[in-house]
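Heads up, the thing below is written out as structure tokens.
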């Protein structure tokens, strides 16, 4: 769904039903003020929800060594744990649109925040690796459905402010990611040094995110413009016949080389991102960097996405070929990996910045999704194909890093794997950046 956002900023979206009802309510006592209060509450819900979409992952990365020791995890099992996020995103994210149609997007996001809070609260105290994995999966399920539906809610309520609201949402997401990486270790030390407490405290932020959504639980989010279309149809008379309707063609994405290139690029950049979130702090700690500093280094890597998420998409849309940006990001990634191998502690801050730049392949991938299709339905189909296939591709990477780390006893082989994966990422990203559309390939 996020892949739709770059292209939507340039399209005119029909205002949603709530806007027509707002105009009607404005003539009633307190109608305008009630509408303003509702919008403020919704903005608060969006920001708080975005803050909760990554701390479950980055807080664990900051305390991974303590969790492994406390639960007796092997490196392979820890690698499995870092592979759970993309698996949950691929599996549960697909369910989000169907759940929203049945219960309403606001209700599903509210339930998602509750699932995050419950999962984060129970996983440190579940008593064993299996319970920890189950609690993590519950939290990640809530993240998956919320991650898919938040852009839909932004489109519905703010059709004329999609860009600014998406920027606010993206900044809050990056801030939550970096905040959890930076303060988990210091807060854990302040609260007595228990890793269980350090992980569970993030459940409080998720509980806070539940509250703004409670008034929206009973209100179903209808398709944008539903009220206006219904009113227009009523004023015109009978609905058009079936022959007058224009159905969007169903594209065969598996036939499109561009779609496959974009899906593989999305999967490989997600692999790098989840390896970074799950293992980078541990790499620095094993090199002798204090735990608190390692968390700050991870936070630096994550926070690089705040400014670059605005710069890279704008630059990409101005270029006929996005391949040069792909190559530049890849070179930064290779330089960062080389630094982790040769001097992980001495140049730690430089490697954190370089890897943070490389991880900005994510907003670039989303931008290219919007540019590689001509129509709205084409963008939707390409986004679903690229993201679902990409998240499936990303699952083995973090697990394989854990296996290599356990069996080699060091970080040489895992870093070599990360560097090797960057080469095909650059190659398929360059292909995906060519100026062509999937309609020309998938409709053949």
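Numbering (the numbering used here), first residue to last: 1254 to 1697. Note that beta-carbon positions come from the ideal geometry of N, C-alpha and C, so glycine has one too.
Only residues of its own chain outside the window of five on either side were considered, and among them 1545 have a CB closer than 7 Å to the CB of residue 1439, listed in chain order.
By the CB criterion at 7 Å, residue 1593 and residue 1604 fall inside the cutoff.
For residue 1575, the three-state secondary structure derived from DSSP is coil. Looking only at 1308, 1558, 1300, 1365, the smallest Cα-Cα distance to residue 1455 is reached by 1308. Where residue 1354 is concerned, the enclosing alpha helix (DSSP H) starts and stops at 1349-1356. Residue 1437 and residue 1627 have their C-alpha atoms some 44 Å from each other. The way I'd put it, the stretch 1500-1520 doesn't touch the stretch 1386-1405; fewer than three beta-carbon pairs between them come closer than 8 Å.
Setting aside the 5 residues that flank it on each side, residue 1542 is surrounded in the same chain by 1550, 1597, 1598, 1601, each with a C-beta closer than 8 Å to its C-beta; the list follows chain order. Put simply, the backbone Cα of residue 1574 is about 30 Å away from that of residue 1428. The C-beta separation of residue 1691 from residue 1328 comes to about 40 Å, leaving the pair out of contact by the 8 Å criterion. Each residue's CA atom was taken as its position, placing residue 1363 and residue 1591 some 43 Å apart. Residue 1411 sits in coil when the DSSP states are folded into three classes, being neither helix nor strand. Residue 1462 places its beta carbon 7 Å or farther from that of residue 1555.
Residue 1457 has its alpha-carbon roughly 11 Å from the corresponding atom of residue 1301. Residue 1525 places its beta carbon 7 Å or farther from that of residue 1548. Closest in alpha carbon position to residue 1315, among 1382, 1449, 1521, is 1449.
Selection 1313, 1658, 1508, 1652 evaluated against residue 1374 yields 1313 as nearest (Cα-Cα). Take residue 1506, set aside five residues on each side of it, and the residues of its chain with a beta-carbon closer than 7 Å to its own are 1512, 1634, 1635, 1638, 1691, 1695, in chain order. Our two residues, residue 1332 and residue 1338, have alpha carbons roughly 11 Å apart in a direct line. Nearest C-alpha to residue 1322 among 1382, 1563, 1571: 1382.
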